[in-house]
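What follows is a set of notes on a single structure, which appears directly below.
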Amino acid sequence: MPKPKSLAGTRIRAEVIRLVALIPVGKFTTYGSIAVHMNVAALHVASVMSRLTKEESATLPWHRVVSSDARVSQNMEASLSAVQRERLESEGMELDAQGYILDSDAHFHVVGLRRNIRWSDPSSLDA
Numbered sequence: 013m014p015k016p017k018s019l020a021g022t023r024i025r026a027e028v029i030r031l032v033a034l035i036p037v038g039k040f041t042t043y044g045s046i047a048v049h050m051n052v053a054a055l056h057v058a059s060v061m062s063r064l065t066k067e068e069s070a071t072l073p074w075h076r077v078v079s080s081d082a083r084v085s086q087n088m089e090a091s092l093s094a095v096q097r098e099r100l101e102s103e104g105m106e107l108d109a110q111g112y113i114l115d116s117d118a119h120f121h122v123v124g125l126r127r128n129i130r131w132s133d134p135s136s137l138d139a
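Just so we're aligned: the sequence shown equals residues 13 to 139 in the working numbering.
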């Protein structure tokens, strides 16, 4: 996996990984929720998630991050979608045939309020 080319990219990647690691068992969040909290675009979060190393994928609960409509990502390979679905169901979430999490409000993990961060400015990370 190529390393981010900027200090900001490195910091964004580290924060996405940190936030995903904090999602409790039986809960999920969305790419957009993480992005709002971090003050970045959801595409930044999705990009980080799609480039996890094998080691990160093995230890990080990546399966707890879904699309904005509480659905297993449609952009993922079918085999990964199946893994995500299995893991979510093993944690007590029910999904319908299209991959939507049922009773999503009961399982949604709130990442937090929007942070006012400029990722290229180290002093703003304390915000």
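Glycine residues also receive a C-beta, built at the ideal position from the N, C-alpha and C atoms.
Under DSSP, the beta-bridge partners assigned to R83 are Y112. In the three-state DSSP reduction, T42 falls in the strand class (E or B). Rounded to whole angstroms, S59 and K39 show a C-alpha spacing of 22 Å. A straight line joining the alpha-carbon of D81 with that of K17 spans about 31 Å. If you draw a straight line from the Cα of A118 to the Cα of N51, it comes to about 25 Å. As a beta-bridge residue in DSSP terms, L107 pairs with I113. Boundaries of the alpha helix (DSSP H) around V28: L19 to A33.
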